[in-house]
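Trainee:
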Amino acid sequence: MNYRHHFHAGNFADVMKHVLLLQLLTRLNAKDKPYRYVDTHGGAGKYDLSTSEAQKSGEFLNGIHRLVKLDDSIKRTAPEGIQQYLKVVEGMRENFGKGAYPGSPWFALEGMREIDKATIFEMQRDVFQQLRHNIFDKRAGLHERDAYEGLLAVIPPKEKRGLVMIDPPYEIERKDFPQLVNLLVAAYKKWPTGCFAVWYPIKDRAMIERFEKKMFKTGIRRQLVCEVCVWPDDTPVGLNGCGLLVINPPWKFSQDADEALQWLFPHLRMTENGGHAAVRWLVGE
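The sequence shown begins at 917 in our numbering and counts up one residue at a time.
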């Protein structure tokens, strides 16, 4: 996976991540009290799919492009979370051109309320400059900082409740993502009531099984796994699928996620046979 997210913006994995992000925030919005959204790897906040980087990979063609091209009658059958996602994308396209696509911070700020706050990290200097140029919102604090140490400095937040979205560059991880597991254990220890959502690529099923075993052994309760694999596991492609591990998911989020992913899968799958979409508990209550 290329470290520069611009190559992958709007692909099927982005669609999955951003749909579920909005659904997590919608569930948090159900309670009156404010919350804190923390994005550990915020990226540029906004992308242009007409640029050479995005055009070179063409990954968005099998992601957001497929959904945008669907007939309106099909879009109207989509779950509310999908329709909310498409509304945010269409709003950006109307304002910035048809090649525009939001990053996670943009989606989050669209899904949050005025009373909620955001903390967004990005450690790459040039990408942080883009983030600062793209995100103008009094609710958001932007930090040019390595989230592997910065996250522990900002939790628990004064709001007491909230969501941490973690989507790191996985070329610096290895095997069963040990650095990520260590971060989650330390963060959960500081904020055991926080909701943590971790996006990860699925390229090697054995590696994912090792990651899940390590997470199971942490003793952390309420771990929900959401997966979309657009290719069968044994297909030799760069990215077969992706997952979102959610610790302490809000009430009824598992139902929301399953409904959304089951609707998305037939529109994003790359083969007629194989692949899957699933939501399951890795660890229950």
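No residue lacks a Cβ here, since even glycine has one placed at the ideal position from N, Cα and C.
Helix, strand or coil for H924? Go by DSSP, reduced to three states.
Mentor: Three-state DSSP puts H924 in coil, outside helix and strand.
Trainee: Mind listing, in chain order, the continuous alpha helix (DSSP H) runs of no fewer than 4 residues lying wholly within the segment 1092–1177?
Mentor: 1094–1106 and 1121–1133, all fully within the segment 1092–1177.
Trainee: Assign R1048 to one of three DSSP states: helix, strand, or coil.
Mentor: R1048 falls in the helix class under three-state DSSP.
Trainee: Quick one: residues in its chain with C-beta nearer than 6 angstroms to the C-beta of C1111, no 5 flanking neighbours on either side, listed in chain order?
Mentor: The answer, listed in chain order, is L1079 and N1164.
Trainee: Would you list the one or two residues that DSSP bridges to V1199?
Mentor: For V1199, which the question treats as bridged, DSSP gives the partners Q1139.
Trainee: I1036 bridges to which residues according to DSSP?
Mentor: In DSSP, I1036 forms a bridge with D955 and L1058.
Trainee: For I1031, does the count of other Cβ atoms within 10 angstroms reach 16, so buried, or fall short, so exposed?
Mentor: Exposed, since its Cβ has fewer than 16 Cβ neighbours within 10 Å.
Trainee: Going by Cα to Cα distance, which pick from W1179, F976, I1082 and D1120 is closest to A1024?
Mentor: The residue with the shortest Cα to Cα distance from A1024 is I1082.
Trainee: For D955, which residues from the same chain have a beta carbon less than 6 angstroms from its beta carbon, with the 5 sequence-adjacent residues on both sides left out?
Mentor: Once the five neighbours on either side are set aside, the close Cβ partners of D955 are S1020, P1021, I1036 and M1081.
Trainee: Comparing C-alpha positions only, which one of W1147, K1119 and Y1017 sits nearest to D1092?
Mentor: For the residues W1147, K1119 and Y1017, the minimum Cα distance to D1092 belongs to K1119.
Trainee: So, for H1192: in the same chain, excluding its five sequence neighbours on each side, which residues have a beta-carbon less than 6 angstroms away from its beta-carbon?
Mentor: Once the five neighbours on either side are set aside, the close Cβ partners of H1192 are C1145.
Trainee: For K933, I'd like the list of residues in its chain whose CB is within less than 6 angstroms of its CB, leaving aside the five on either flank, ordered along the chain.
Mentor: If we look at K933 and ignore the five residues flanking it on each side, its Cβ neighbours are W1115.
Trainee: Rounded to whole angstroms, what's the CA-CA distance from K1133 to L1177? Just pull it up for me.
Mentor: Approximately 27 angstroms between the Cα atoms of the pair.
Trainee: Just mark S968 as buried or exposed, buried being the case when its beta carbon has 16 or more other beta carbons within 10 Å.
Mentor: Exposed, since its Cβ has fewer than 16 Cβ neighbours within 10 Å.
Trainee: Could you check what DSSP says for A994 in three-state terms: helix, strand or coil?
Mentor: Coil, per DSSP.
Trainee: Look at the alpha carbon of N978 and the alpha carbon of L1180, and state the distance between them as a whole number of angstroms.
Mentor: Going by the C-alpha atoms only, they are around 12 angstroms apart.
Trainee: The alpha helix (DSSP H) spanning K1204 covers which residue range?
Mentor: Residue 1204 cannot be examined here, being either before or after the span of the chain that is shown, 917 to 1201.
Trainee: The beta strand (DSSP E) with Y963 in it runs from where to where?
Mentor: From DSSP, the beta strand (DSSP E) with Y963 extends over K962 to D964.
Trainee: Is DSSP giving I1082 helix, strand or coil here?
Mentor: Three-state DSSP puts I1082 in a strand.
Trainee: Smallest Cα separation from R1041: which of A1122, I1051, R1061 and G1200?
Mentor: Ranking A1122, I1051, R1061 and G1200 by Cα distance to R1041 puts R1061 first.
Trainee: Within the continuous alpha helix (DSSP H) that includes A946, where are the two ends?
Mentor: From DSSP, A946 is part of no alpha helix (DSSP H); its letter is neither H nor E.
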